[in-house]
Amino acid sequence: MIANCAGATPTSPAWIVDLPQSFDSYIGTVTARDGVVYWDRRESAPGTLSGIYRSTPPTGETVQLYPFPNRIIDLVVDGDQLYWIDGALYTAPAAGGTYTWIARDNYMSAIAVDADALYFAGQNDQTLYRLAKTPGATPLALYDHVSLWQRLRRIGDQLYFSNSNVPEANAIVHAPAGGGPMTVVANLQRAPLDYAVRDNQLYWITQADSDGVGGAVHAAPLDGPLATLVEVDDGGVSFAHDGAALVWGAADQSGVGVIRTIDPTTHDVTTLATGIDVRVGPLAFDASDIYFLDMGSDFPGVFEIPGGLMRRSRTTGETTSLVTGRTFPLAIASDADAIYWTETGTFAQNYTDGAVVRYAKATGELTVLAANQVSPSGIAVDAGRVYWAAGGELRVVDTADGGISVLVSGGQQLEGLLLVGQTLYFTDNAAGVVASIATTGGPITTIAQGEPHPSQLVLDDGYLYWSQRALNGRIMRAPVTGGPAVAITELQKQPWDFAIVGDQLLWQDWDGHVVRAPKSGSASTIIASGNPQVLRLGVAFGYYETGGMIYRFPLAGGPPEPLVAGGIFDLDGGVIYYTTLAGMFCIAE
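Written out as C-alpha cells, the structure reads:
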C-alpha cells in the first residue's frame, strides 16, 4: 500500500484506505490532524465494521477505534481526545479505549473545541453551550435563540456559526467564545454549511436548493456586513426618494397600509403614516404633499377592488382620496403640474383594457392619455411627453396633442423604465436584456443581456443598477459607458424595487424584507457555484468539493480550477486526504 502523501500528486495519489465505496459501505467523515486521519465507516446494515477508524500514513496502518452503528454528524480531534455527535455528544481517547457521552440532544448539529472547552449547539432548546474540559463540569449557556445549521467553528477568540433567529435573518455571525455580542458578517444566506477565516476574510458555503440553485462558495470581509435587514413588512411595494429621505409604502402585519422613511445617514426607519385603509403603492412628491397609488386588489374569479390616487399632506398629515374606481394602478411619475400613472387593466378583458392617465394637481381633472393598453408598466415623464412600456414596445404620448408613437418595438416584456436627461433606460424581463435609447429615437444600446428577469433600474455615479426578479435573484450593476455587469448581492428572493441612499443600496425582496448593502459590491464575492460540501483553506489556495470533484481557488483572487476527482476530504499539514469510489487517498497540497 502506497502512503507517501508528501510526494503524491493529483495524477499519482497515495492510497491510504482500501475501502471501495458503495451504497452498503462507505466513508462518511474525514478528519486529519498531525498526519493522522480519523474517519467513520458506515454500513447500511449495522454491524461490527461500522465505527470510527484511524489511519496513519506513511505506514498505511488502519485500525478500528470504536464500533458504532449510527450516523456521525460531526467529528473533531483535539490533542489526545476525539469528540463526535451521534444523537448525543461523545468523547473518547484518540488512541482507543472507552467512549462516554457528555451531553444529549437529538438535534445537535455541530461542535467546536479549543484548549479549555467544548462548544456545541442544541437545536431542541436553540442554545449554544460552552463546556469546560474539567471533569464534572456543567454546560454553560453562552447564546440563546440560536438556530444553527451545520458547522460551528472556533477561530482565534471567536465562534463562527449561522443563526436564523437574529434580526438580520439567516445570518452568518461571529461572537466571542467567552460570551458577548454577535457580529453579523452576512445575512439572507441559504443553509450555510461551513466556514473558514484567512486574512480578515470569512469564507463560507451555502447549500443548493432542490433545483440545484444557490450552492456557492462566498467570501466577505469580517467587518461586513454584506446586508442588514432594515425593516420587515407584509407587502412592501416601492421605494421613492423625496430629496431628503427614502420613502416607501407597504402594509403592516395586519394588512393596514403604512408609509415609512429611511434616514439617509443612519438608516433609521420612521413611520410617517399608518392606518391607511388601502394597499399603498408607488409614491410621488412635491414640496407640500406625498401622492401615492391605491393599487386595489385583483383576484380573478374571486373579487376585484378598484384602486386610485391618494394624497398625504406634509404639514397636516391628512390623507385624502383624489381618484377612485381605477383598474389597478401600477407605476407612477410626476412633474410640477400633474401626477401620471399606468393601469394594468382587468382579468376579464385579458388585461387589454389598461391605460395611461394624468391627474392635474390644480384642477383635479383626470385625462386618459392612452387607452386599450396591454398591461402597461413602467412610466416616465419629461417636457410634455409621457413614456411607458406595454408588452414588447416602448411608447410615448405628447400631452399637448395626444399623439402616440412607438419608440422601441420587437421586445418581449419591457418594464423598469428610467429616464435620465435625454436617455431612457429599460429592461426586457422576458428576453433578459438591459438597454437604453435616446428620447428622440435612434439605435438601442445593449448594456447587459442573458439576465434572469431584469426588472427595476437605478442610475448612480456612472453605474446602472438593476434587480433580477428571480427566485434566487441578484442586484447587478454595470458602467453606463460600457463594461461587464457584476453582482452586488447574491441569492435574494425575487428582489423588487430598490434605491440608493448615500453609499448604500436598499431593496425589498418577495418576503417584504428591506435590505441594504454597499453599492460598490465590495462586501461579498461569489467564488464558485454548484453544490459545494466542504471548505478548507491552505496556504495559498482554498479547496471545496462539488459534483465528485475537488476544486481549488487562489486566496489572492482568481477562478477555481479542478484539482482531483474525489468526495469527502480534509486538509492537514499541506496534505489533502480525500475519498473516491476505491477508498481513501492523499496528495500534497
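Quick note: the sequence shown uses the numbering used here, first residue 5, plus one each step. Cβ atoms here follow ideal geometry from the backbone N, Cα and C, with glycine treated the same way. Quantities reported herein were computed from a predicted structural model and do not represent experimental measurements.
Comparing alpha carbon positions, the residue from ALA200, TYR469, GLN460 and THR431 closest to TYR547 is ALA200.
Residue environment analysis places ASP22 among the exposed positions, since fewer than 16 neighbouring C-beta atoms fall within 10 angstroms of its C-beta. The three-state secondary structure of GLN460, taken from DSSP, is strand.
The C-beta separation of ARG330 from GLU347 comes to about 6 Å, placing the pair in contact by the 8 Å criterion.
Between the alpha carbons of LEU541 and ARG108 lies a gap of roughly 31 Å. Just so you know, the alpha carbons of THR485 and ALA452 end up roughly 12 Å apart. Ranked by Cα distance from ARG158, the options GLN211, VAL80 and GLN85 are led by VAL80. Apart from sequence neighbours up to five positions away, the residues of its chain that approach LEU122 with a beta-carbon distance below 6 Å are LEU135, ordered along the chain.
One Cα belongs to TRP252, the other to THR275, and the distance between them is close to 10 Å. For THR328, the uninterrupted beta strand (DSSP E) run begins and ends at 323-330, by DSSP. Taking a C-beta distance under 8 Å as the contact criterion, ILE56 and TYR42 qualify as a contact pair. According to the DSSP assignment, ASN376 belongs to the beta strand (DSSP E) that extends over 370-377. Residue pairing from DSSP places TYR147 in a beta bridge opposite LEU132. Apart from sequence neighbours up to five positions away, the residues of its chain that approach GLN417 with a beta-carbon distance below 8 Å are GLY395, GLY396, ASP432, ASN433, ALA434 and ALA435, ordered along the chain. DSSP places ILE266 inside the beta strand (DSSP E), whose first and last residues are 261-266.
A residue is called buried when at least 16 other Cβ atoms come within 10 angstroms of its Cβ; TRP105 does not meet this threshold and is exposed.
By alpha-carbon distance to ASP574, the top candidate from ILE554, ALA560 and ALA586 is ILE554.
The beta carbons of LEU250 and ILE266 sit closer together than 8 Å. By alpha-carbon distance to PRO566, the top candidate from THR15, CYS9 and GLY487 is THR15. Counting along the chain, SER59 sits inside the beta strand (DSSP E) bounded by residues 55-60.
Rounded to the nearest whole angstrom, the CA to CA distance from ILE263 to ALA254 is 6 Å. For the set TYR70, GLY349, ILE115 and ILE336, the Cα lying nearest the Cα of TYR391 is the one of ILE336. CA-CA distance, GLY382 to ILE492, rounds to 23 Å. THR210 has its alpha-carbon roughly 32 Å from the corresponding atom of ALA49. Residue GLY312 holds the alpha-carbon nearest to the alpha-carbon of THR328 among GLY312, ARG318, ASP339 and ILE343. Distance from the CA of GLY388 to the CA of ALA220, rounded to the nearest whole angstrom, comes to 49 Å.
The beta carbon of THR450 sits closer than 8 Å to those of VAL437, VAL438 and ALA439, all from its chain and outside the five residues before and after it, given in chain order. Restricting attention to alpha helix (DSSP H) runs no shorter than 4 residues, the region 385-457 encloses none. Under DSSP, GLN25 takes part in no beta bridge, so it has no partner. Listed in chain order, the non-local C-beta contacts of ASP78 below 6 Å within the same chain comprise ILE89, ALA114 and ILE115, local neighbours out to five positions each way being set aside. Distance from the Cα of TYR70 is smallest, within the candidate group LEU370, MET588, ASP203 and THR102, for THR102.
Measuring C-alpha to C-alpha distances from ALA375 to each of ALA364, ILE76 and TYR355 identifies TYR355 as the nearest. Shortest Cα-Cα distance from GLY279 to any of GLU322, ASP44, GLY425 and PHE430 involves GLU322. The shortest C-alpha to C-alpha distance from PRO483 to any of GLY466, GLY454 and GLN472 is the one to GLY466. Per DSSP, the unbroken beta strand (DSSP E) holding ALA277 starts and ends at 273-280.
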